[in-house]
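Quick notes on the structure that follows.
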Amino acid sequence: MKSHRKELWFEVPERMGFVNITPDVEGELAASGVQEGLCLVNAMHITASVFINDDERGLHADYKRWLEELAPHAPIENYLHNRTGEDNGDAHCKRQIMGREVVVAVTEGRLDFGPWEQIFYGEFDGRRRKRVLIKIIGD
Amino acid sequence: MKSHRKELWFEVPERMGFVNITPDVEGELAASGVQEGLCLVNAMHITASVFINDDERGLHADYKRWLEELAPHAPIENYLHNRTGEDNGDAHCKRQIMGREVVVAVTEGRLDFGPWEQIFYGEFDGRRRKRVLIKIIGD
Amino acid sequence: MKSHRKELWFEVPERMGFVNITPDVEGELAASGVQEGLCLVNAMHITASVFINDDERGLHADYKRWLEELAPHAPIENYLHNRTGEDNGDAHCKRQIMGREVVVAVTEGRLDFGPWEQIFYGEFDGRRRKRVLIKIIGD
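Chains as they are written, first to last, in our numbering: chain A, 602 to 740; chain X, 602 to 740; chain V, 602 to 740.
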């Protein structure tokens, strides 16, 4: 069984933002030499997500509005977590909605995707350097 | 390492609906010959989910009501995504709540499940042909 | 390919609670002998979650309040599922927000984690004995 590991680094300039990392994952899959297996992509930070959806600007704006409705950033006093000195209690909630990780099938050396699937890094507490892990296993 | 791949096709007649696909996944696992490994089941479309929960009619009605409250279909103008000509902005949100995929352990050739676990295809923008991917790896 | 399987048992004394199971998973990983691979940890019950986030008391209180807002326990008549004699319709919803499972990379024999990642069992219908499954595959 082969295995391959890579970290990607980000510093998103806004509090909330989405970055299409599909080309990075495809590049690591090619480097891995894996033809049949599984590819795990996960946020290594607990106020960020990795998820699969559409690369459409309007949808991303909708996600920001919707997540802000479900878990508002302010007033920051509403989150007990923010008594630790942080102001990111909302980001820990938003990340649970969008998820920590995706697992993608690898078939004939490629990400085995439907027509519109793209992998995104989702940032909910940006302006800090953060990481995503890619781990690929298979033959 | 063995690997096995299968697509399932669906055309759910309503906008929102849930289909128990556990027997299909069990059938593919038997066909794979894998005794110990992992089984990935994921929606290949970005307005649909694969999730594990109970096969109980009342619960499924509750999920529909609850998801409609968290991400209402109408008014469709509330979603910028719908300016592309779609009316499924809500479906992209509902899918994030319910998740894209499940990963199930395979032990002694069987899905390693608790007493009530069943795998569902969750459709949030139906009346179109869509696919689920099953990928099984192991020995 | 090696594989390793272990069940963890819980009986959380409240309806809702979070248990840090990271040391248990690390112990099973050591027992498995796997150096490179994937570690699946999932709830075997459909009113519970396994998720990764911060081990911070305030955050956990925030999660309880937030999940109760998104899917209130009472009035229990609001859930058709509760006509079966259960009162846990809300727990089936909360579990979907927090997720069923996590998949963690195994690198050089360790859980390949960012600085604050910890694995939790999330209980939404406690005071019953329930299980988590750990399945590790790799070389």
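In this text, a Cβ means the ideal position worked out from N, Cα and C, and glycines have one as well.
Would you verify that the beta carbon of Val704(X) is, or is not, closer than 8 Å to some beta carbon of chain A? On the second sequence, residue 704(X) is found 103 positions in, with the first residue counted as 1. Closer than 8 Å to some Cβ of chain A, the Cβ of Val704(X) qualifies, so yes.
Interface residues of chain V around Gly659(X) at Cβ under 9 Å? On the second sequence, residue 659(X) is found 58 positions in, with the first residue counted as 1. Going along chain V in sequence order, the residues near Gly659(X) (Cβ under 9 Å) are Tyr680, Leu681, His682, Asn683, Arg684, Thr685 and Gly690.
Take every Cβ of the segment 672-689 of chain X, pair it with every Cβ of the segment 607-622 of chain V, and state whether three or more of those distances are shorter than 8 Å. no
Looking at the C-beta of Trp717(X), does it have a partner C-beta in chain V at a distance below 8 Å? On the second sequence, residue 717(X) is found 116 positions in, with the first residue counted as 1. Yes, its Cβ sits closer than 8 Å to a Cβ of chain V.
Top-ranked residue by Cα proximity to Leu660(V), from Ile738(A), Asp663(A), His693(A) and Phe611(A): Along the third sequence, one-based indexing puts residue 660(V) at 59. The shortest C-alpha separation from Leu660(V) is found at His693(A).
With DSSP collapsed to three states, give me the class of Gly634(V). Sequence index remark: in the third sequence, residue 634(V) carries index 33 (1-based). If DSSP states are grouped into helix, strand and coil, Gly634(V) belongs with coil.
Any C-beta of chain A under 8 Å from that of Ile653(X): Along the second sequence, one-based indexing puts residue 653(X) at 52. Chain A contact via Cβ: absent.
Span of the beta strand (DSSP E) holding Ile735(A)? Taking the first sequence and counting its residues from 1, one reaches residue 735(A) at position 134. Ile735(A) -> beta strand (DSSP E) spans Lys731 to Gly739.
Three Cβ pairs or more, each shorter than 8 Å: is that satisfied between the segment 721-734 of chain V and the segment 723-740 of chain X? no
Would you call Gly700(X) buried or exposed, if buried means 16 or more other Cβ atoms sit within 10 Å of its Cβ? Along the second sequence, read from residue 1 onward, the residue named residue 700(X) stands at position 99. So Gly700(X) counts as buried.
Tell me which residues share the same chain as Ser633(A) and place their Cβ nearer than 6 Å to its Cβ, disregarding the 5 neighbours each side in the sequence. Looking up residue 633(A) in the first sequence gives position 32. Result list for Ser633(A): His605 and Ile737, in chain order.
Confirm, please, whether the CB-CB distance from Asn643(A) to Glu702(A) is below 8 Å. Your numbering for residue 702(A) matches position 101 in the first sequence. Your numbering for residue 643(A) matches position 42 in the first sequence. In this structure, Asn643(A) lies closer than 8 Å to Glu702(A) by Cβ.
What is the DSSP secondary structure of His682(X), reduced to helix, strand or coil? For this step, residue 682(X) is matched to residue 81 along the second sequence. Reduced to three states, the DSSP call for His682(X) is helix.
Do Tyr680(V) and Asp663(V) have their C-beta atoms closer together than 8 Å? Taking the third sequence and counting its residues from 1, one reaches residue 680(V) at position 79. Taking the third sequence and counting its residues from 1, one reaches residue 663(V) at position 62. In this structure, Asp663(V) does not lie closer than 8 Å to Tyr680(V) by Cβ.
Grab me the residues of Ala706(A)'s own chain with a C-beta within less than 6 Å of its C-beta, minus the 5 sequence neighbours each way, in chain order. On the first sequence, position 105 is the one that residue 706(A) refers to. Around Ala706(A): Asp713.
Span of the alpha helix (DSSP H) around His661(X): Mapped onto the second sequence, residue 661(X) falls at position 60. Its alpha helix (DSSP H) spans residues Arg658 to Leu671.
In chain order, which continuous runs of the alpha helix (DSSP H) of length 4 or greater are located wholly inside the segment 607-653 of chain X? 623-633
What does DSSP give as the partner residues of Arg711(X) in its beta bridges? Working through the second sequence from its first residue, we reach residue 711(X) at position 110. Answer is Thr708(X), bridged to Arg711(X).
Could you name the residues of the same chain whose beta carbon sits closer than 7 Å to that of Arg666(V), not counting the 5 residues immediately before and after it, in chain order? Here residue 666(V) refers to the residue found at position 65 of the third sequence. Hits under 7 Å: none found.
Check the Cβ-Cβ distances between Trp667(A) and every residue of chain X, and say whether any is below 8 Å. Locating residue 667(A) in the first sequence gives position 66, where the first residue counts as 1. Chain X contact via Cβ: present.
How many angstroms separate the CA atom of Trp610(A) from the CA atom of Val733(A)? Here residue 610(A) refers to the residue found at position 9 when the first sequence is read from its first residue. Here residue 733(A) refers to the residue found at position 132 when the first sequence is read from its first residue. C-alpha separation (whole angstroms): 7 Å.
Need the endpoints of the beta strand (DSSP E) that Ile720(A) sits in, please. Within the first sequence, residue 720(A) is the residue found at index 119, counting from 1. Residues Gln719 to Glu724.
What is the DSSP secondary structure of His674(V), counted as helix, strand or coil? The sequence position of residue 674(V) within the third sequence is 73, counting from 1. Three-state DSSP puts His674(V) in coil, outside helix and strand.
Burial state of Gly628(A), where buried means 16 or more other Cβ atoms lie within 10 Å: Translated into the one-based positions of the first sequence, residue 628(A) becomes position 27. Per the 10 Å Cβ criterion, exposed.
Hey, Ile735(V) and Val626(V): beta-carbon distance below 8 Å or not? Position 134 of the third sequence, counting from 1, holds the residue named residue 735(V). Position 25 of the third sequence, counting from 1, holds the residue named residue 626(V). Yes; because the gap between Cβ atoms is below 8 Å, this pair is in contact.
The alpha helix (DSSP H) that contains Gly690(V), what's its start and end? Working through the third sequence from its first residue, we reach residue 690(V) at position 89. Element bounds for Gly690(V): Gly690 to Met699.
Under 8 Å by Cβ, that's how I've got Leu639(A) and Leu639(V) pegged, so tell me the actual separation to the nearest angstrom. The residue given as residue 639(A) occupies position 38 in the first sequence. The residue given as residue 639(V) occupies position 38 in the third sequence. About 7 Å separates the two Cβ atoms, so the contact holds.
Since Ile698(A) and Ile720(V) should fall inside the 8 Å C-beta cutoff, what is the C-beta to C-beta distance between them, to a whole number of angstroms? For the purposes of this step, residue 698(A) is taken as residue 97 along the first sequence, with counting starting at 1. For the purposes of this step, residue 720(V) is taken as residue 119 along the third sequence, with counting starting at 1. Rounded, the Cβ-Cβ distance is 19 Å, inconsistent with contact.
Can you find a C-beta in chain X that's less than 8 Å from the C-beta of Ile735(A)? Mapped onto the first sequence, residue 735(A) falls at position 134. Not closer than 8 Å to any Cβ of chain X, the Cβ of Ile735(A) fails to qualify, so no.
Just to confirm, are Arg711(V) and Ser650(V) a CB contact at a threshold of 8 Å? By one-based count along the third sequence, residue 711(V) stands at place 110. By one-based count along the third sequence, residue 650(V) stands at place 49. Contact flag unset, no.
If contacts are defined as beta-carbon pairs under 8 Å, then Ile677(X) and Asp655(A) qualify, I think. What distance do you get, rounded to the angstrom? The residue labelled residue 677(X) in the question sits at position 76 within the second sequence. The residue labelled residue 655(A) in the question sits at position 54 within the first sequence. At roughly 16 Å, the Cβ-Cβ gap does not stay under 8 Å, so Ile677(X) and Asp655(A) are not in contact.
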